[in-house]
Each structure stands twice: as C-alpha cells, then as structure tokens.
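One structure below.
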C-alpha cells in the first residue's frame with residue numbers, strides 16, 4: 326500500500342475533528358495526544374478504529390492499547406501499512 | 003403497612019459455573035481456590051481465555067431430577083427442549099434454589115411469589131448464530147421470535163415453577179445481579195411479596211462482544227500458551243483485564259417474620275443502587291463510596307461491623323485501583339483487618355450472573371467460617387489492605403458486603419448477614 330505518514334495523520338486528524346466536535350483543526354498536532362484534546366476512552370477507540378477502517382488496515386487489538394501520542398498511532402499504522 | 007419492615011431471609015440457593023454444578027461443589031471449589039479459566043481456541047477474536055461451561059450438559063443434569071422431582075423435570079424438559087443456553091443455565095440454578103429451600107412449590111401456601119431475572123442482552127450468541135444461518139440459507143430457529151427476548155426466561159421459569167406474582171428482568175450491566183437483589187429486597191420489605199426468586203442469568207456472548215471488550219482494553223487479551231488459570235489476577239500488580247465466565251446462580255428470598263422458626267441460610271440486611279451520571283466504562287471512587295455507604299445505611303450498620311468484603315474485583319487495572327480507593331475511603335482504619343477477596347479470579351466474570359454467584363459465595367463463606375483464596379494475587383496493588391492470598395483463611399464474621407459495578411457508572415452493594423442453619427441445609 327502506498328501511503329505515507331502525512332496521509333495517515335490527515336485521516337486521523339479528520340476523524341478526530343469528527344468525533345471531538347469542539348476541537349479546532351490547529352489543535353490537532355502530531356505530538357499531541359487524544360486525551361489532551363479531551364477524548365474519553367470511547368472517543369479514542371472510535372477515532373482509531375474509524376481511521377483504521379478508512380485506511381483498510383488490520384492491526385491486532387493488543388497493539389492498539391497504550392498509544393500515548395498521535396505520533397505513536399501514526400507510526401504503528403505506517404508499520405502495518407508498509408507490511409500490508 | 004404498619005410496624006417495622008420485615009427482615010429478608012435467604013432460604014434457598016443454587017449455582018452453576020465453571021468450577022461447580024451445585025452448592026456443595028461450589029463450597030469445596032471456593033475453599034480450595036479452584037479456577038475455571040481455560041484456553042479458548044477462537045479464530046475470530048483476540049480473547050483466548052474464558053471460564054466457560056464447556057463440560058456442562060443440561061439434559062444430563064436435568065435427568066437426575068426425573069425421579070426426585072418428577073413434575074419439575076417433565077415441565078422443564080418440555081419447555082426447554084429448544085431454547086437458549088442462558089435460559090437452561092438459569093433453570094438449572096433456579097431449580098436447585100427451589101429444591102434447596104425445601105419448598106418444591108414456591109406458591110404452595112397460596113401466596114404469589116415474585117420472580118426477578120438479573121441481566122439484559124442475554125442471548126447474544128443465539129442471535130448471532132441465527133443471523134448467520136438466516137443470512138446464508140434463510141434458515142433460523144422457528145422459536146426465534148420468542149427466544150431472543152430476555153423476558154422469555156421469565157416465561158420459562160414461571161411456567162416450570164408455576165409462579166404468578168410480579169416478575170421482571172433487571173438490567174444493570176455487570177451490576178445486574180445486585181440490582182435484582184436490591185429490587186427483590188424492596189419488594190419484600192414493602193410487603194409486595196412474601197417470597198421472591200432471584201435468578202442471576204448468564205450471558206451468551208458472541209465473538210463480536212468479546213472483541214468489543216478487547217478493543218476497549220477491559221478484557222484480558224494477552225496470548226496464553228500455558229497456565230491460562232493465571233490470566234485473571236484481581237488486585238495484583240500484573241492484573242491485565244477481566245476474563246469472562248459463564249454461569250448462573252439463584253436465591254429464594256423470603257420475608258423473615260419475627261418468630262420465624264425455619265432455619266435460613268442468611269439475610270439481605272441492606273442493598274443499594276446508584277448511578278455515576280456517566281455513559282463511560284470507567285468507574286469512579288465517589289460512585290463506589292456512595293454505593294457502599296448507601297448499603298450500610300440501609301442495613302443500619304457502621305463500616306466496622308462488616309467482617310468480610312467480596313470485591314467486584316474484575317482484574318482490570320482501573321477497576322481494581324478505583325475499588326481499593328473506595329474501600330479505604332469507606333472503611334478507614336478497619337481495612338487493615340477486613341478480609342477482601344474476589345470470586346472472579348475463580349469463576350471468571352459472569353456479568354449479569356456474577357453478583358448472585360458472589361452472594362452465594364458470601365453465604366457459603368460466612369456460614370462455613372472461611373474466606374476463599376485470592377488466586378493469583380502475589381503482589382497486591384495496595385499492601386495496606388487485608389487481601390486474601392493463596393490460602394483460605396478462617397473467617398468469623400457476622401456481616402459481609404458484596405460489591406458489583408457495571409459499565410455506564412452503575413454501582414450496587416449488598417450487605418449480607420450469616421444464617422441460622424441446621425446441618426442438612428448448609
């Protein structure tokens with residue numbers, strides 16, 4: 326799959342803005358965390374899973390736990406995108 | 003109604019779970035800290051462990067009643083010939099409880115008996131199987147439109163047991179069992195019924211629900227190649243999520259008249275049900291504190307009078323931490339000598355059935371003078387608390403408290419008093 330980290334971040338950002346409707350586009354940064362943006366546990370799951378589905382990626386569930394920043398999410402997605 | 007509200011006695015109980023198919027087996031399994039968690043071999047879900055009823059065959063179990071309780075046996079066999087597993091588990095524990103009460107017929111005295119089934123969304127795997135069959139071949143169970151309802155359990159149980167009093171299912175996620183006890187407690191205290199059967203119904207999860215729990219990070223989903231019985235580790239520093247279980251437990255509750263001569267197994271002294279005001283899965287210290295305090299208040303007891311605590315203790319890091327803080331907040335210095343254990347380390351988390359299973363566990367421990375081991379607890383997250391460890395301990399307590407907390411901020415606690423029993427009943 327030909328997808329780079331910027332494209333992954335763009336998808337994550339779009340889904341973040343969709344779920345967290347009171348967050349501004351400039352607030353979503355690669356080194357920020359969803360928790361800091363006000364996402365609760367269900368919001369985080371929803372943003373990550375919606376993005377995975379949009380990117381047609383499959384990642385084992387345990388790998389999705391404990392991701393602290395959007396950069397960690399992007400790196401994980403990228404690793405699987407490159408392999409798939 | 004005049005005079006004080008009647009006391010509420012437990013006069014019969016039954017249980018089926020991964021470590022026992024009756025009360026005697028359950029008592030022995032608790033005492034020895036046996037664990038029913040085993041490896042699953044599921045292709046479609048991350049979850050690879052569960053405390054399932056893999057060896058339980060309902061028809062074989064029912065056959066043993068053919069000579070001792072022939073009328074019940076005949077009705078149960080006819081009504082349950084083609085129904086959900088959850089309903090069969092419920093009938094198994096309910097018939098045990100009725101027979102254990104010594105009544106055989108709950109309305110023999112002409113008074114209508116209440117029936118409360120704890121749980122909602124009980125037949126999820128039944129629905130999943132029927133949907134798969136329907137979507138591929140247009141075939142489905144002809145009884146489907148009746149059987150998918152949770153309330154079908156009310157119908158089956160009331161038909162088999164000839165019950166005609168008030169009846170309902172009570173849904174409160176993992177706190178359903180305690181919520182049902184809470185409801186029955188108030189029916190009995192208000193004089194609405196003199197007798198009530200409470201059935202903690204087990205949930206049949208499909209792989210979809212299990213994967214959903216894994217995604218939330220609530221369920222244990224590490225790979226397990228060996229020692230699956232070590233997966234569920236409530237209050238241990240290595241706890242890594244709950245392990246689901248299958249099972250059911252039932253209790254017969256009766257108004258305890260002042261000079262009631264009949265031996266009874268225990269009492270429900272108080273019960274509570276409170277909301278956190280949240281739709282999220284995370285528990286709160288404040289909500290759990292209010293739950294325990296409300297149950298103590300209903301029982302008119304102080305925290306120091308509680309001699310044993312059966313924790314919700316699922317083994318999720320957030321849940322265990324929160325419950326520890328809440329217990330310490332309620333019991334203060336008394337926590338140093340308050341024995342605490344979690345039955346879920348042995349039975350897995352049986353969700354809507356769990357609180358009734360744990361109520362039965364409380365009664366067996368209070369009356370039997372022992373507290374069961376906290377299996378897999380080696381390094382407690384809070385060394386100040388008096389957690390049971392790998393061995394059972396002697397217990398000399400008059401009152402116990404049992405917690406159950408559900409997703410969506412649903413909290414419920416029950417205060418239980420030990421019983422006055424003769425040799426044949428316990």
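Residue numbers (the numbering used here), protein chains in the order written: chain A, 326 to 409; chain B, 3 to 428.
By construction, the Cβ of each residue, glycine as well, lies at the ideal position given by its N, Cα and C atoms.
Counted within 10 angstroms of its Cβ, other Cβ atoms place residue i as buried (16 or more) or exposed
{"i": "residue 281(B)", "result": "exposed"}
{"i": "residue 244(B)", "result": "buried"}
{"i": "residue 145(B)", "result": "exposed"}
{"i": "residue 343(A)", "result": "exposed"}
{"i": "residue 392(B)", "result": "exposed"}
{"i": "residue 15(B)", "result": "buried"}
{"i": "residue 426(B)", "result": "Any reading at residue 426(B) needs caution, since the residue's pLDDT is 43, under 50, leaving its predicted position unreliable; the model's value is listed next. Burial call: exposed."}
{"i": "residue 310(B)", "result": "buried"}
{"i": "residue 428(B)", "result": "Confidence at residue 428(B) is low in this model, with a pLDDT of 41, below 50, so the placement of that residue is unreliable and no value is reported for it."}
{"i": "residue 107(B)", "result": "exposed"}
{"i": "residue 128(B)", "result": "buried"}
{"i": "residue 136(B)", "result": "exposed"}
{"i": "residue 360(B)", "result": "buried"}
{"i": "residue 432(B)", "result": "Past the edges of chain B, shown from 3 to 428, lies residue 432(B), and the structure says nothing about it."}
{"i": "residue 111(B)", "result": "exposed"}
{"i": "residue 393(A)", "result": "exposed"}
{"i": "residue 46(B)", "result": "exposed"}
Extent of the continuous beta strand (DSSP E) to which residue i belongs
{"i": "residue 255(B)", "result": "249-258"}
{"i": "residue 273(B)", "result": "266-277"}
{"i": "residue 362(A)", "result": "Looking at the DSSP string, residue 362(A) is not in any beta strand (DSSP E), and its letter there is neither H nor E."}
{"i": "residue 11(B)", "result": "9-19"}
Three-state secondary structure (DSSP) of residue i
{"i": "residue 150(B)", "result": "coil"}
{"i": "residue 165(B)", "result": "coil"}
{"i": "residue 339(A)", "result": "helix"}
{"i": "residue 238(B)", "result": "strand"}
{"i": "residue 222(B)", "result": "coil"}
{"i": "residue 115(B)", "result": "coil"}
{"i": "residue 334(A)", "result": "helix"}
{"i": "residue 145(B)", "result": "coil"}
{"i": "residue 245(B)", "result": "coil"}
{"i": "residue 390(A)", "result": "coil"}
{"i": "residue 120(B)", "result": "strand"}
{"i": "residue 175(B)", "result": "coil"}
{"i": "residue 348(A)", "result": "coil"}
{"i": "residue 287(B)", "result": "helix"}
{"i": "residue 373(A)", "result": "helix"}
{"i": "residue 199(B)", "result": "strand"}
{"i": "residue 22(B)", "result": "strand"}
First and last residue of the uninterrupted alpha helix (DSSP H) at residue i
{"i": "residue 383(A)", "result": "Run containing residue 383(A): none; DSSP gives neither H nor E here."}
{"i": "residue 214(B)", "result": "209-218"}
{"i": "residue 408(A)", "result": "395-408"}
{"i": "residue 190(B)", "result": "178-191"}
{"i": "residue 131(B)", "result": "126-139"}
Whole-number beta carbon distance between residue j and residue i, since they are thought to touch under 8 Å
{"i": "residue 269(B)", "j": "residue 11(B)", "result": "6 Å"}
{"i": "residue 51(B)", "j": "residue 42(B)", "result": "6 Å"}
{"i": "residue 114(B)", "j": "residue 167(B)", "result": "3 Å"}
{"i": "residue 315(B)", "j": "residue 344(B)", "result": "3 Å"}
{"i": "residue 199(B)", "j": "residue 93(B)", "result": "The pair is not a contact, with the Cβ atoms about 11 Å apart (cut-off 8 Å)."}
{"i": "residue 355(A)", "j": "residue 396(A)", "result": "5 Å"}
{"i": "residue 257(B)", "j": "residue 196(B)", "result": "5 Å"}
{"i": "residue 362(A)", "j": "residue 373(A)", "result": "In fact, because the Cβ distance is near 13 Å, the residues do not count as touching under 8 Å."}
{"i": "residue 172(B)", "j": "residue 120(B)", "result": "5 Å"}
{"i": "residue 31(B)", "j": "residue 348(B)", "result": "7 Å"}
{"i": "residue 251(B)", "j": "residue 273(B)", "result": "Between residue 273(B) and residue 251(B) the Cβ distance is about 16 Å, and since that is not below 8 Å, they are no contact."}
{"i": "residue 116(B)", "j": "residue 186(B)", "result": "7 Å"}
{"i": "residue 74(B)", "j": "residue 18(B)", "result": "Contact doesn't hold; Cβ gap of about 16 Å is too wide."}
*Can you check the region 347-428 of chain B for any alpha helix (DSSP H) of at least 4 residues that lies completely inside it and give the ranges in chain order?*
Here the runs fully enclosed are 356-370.
_Which runs of the alpha helix (DSSP H) at least 4 residues long sit entirely within the region 298-349 of chain B? Give them in chain order._
Look at the region 298-349 of chain B and you find these whole runs of alpha helix (DSSP H), each 4 residues long or longer: 319-333 and 346-349.
*Every unbroken beta strand (DSSP E) inside the region 32-95 of chain B [3 residues or more]*: You should have found no qualifying run.
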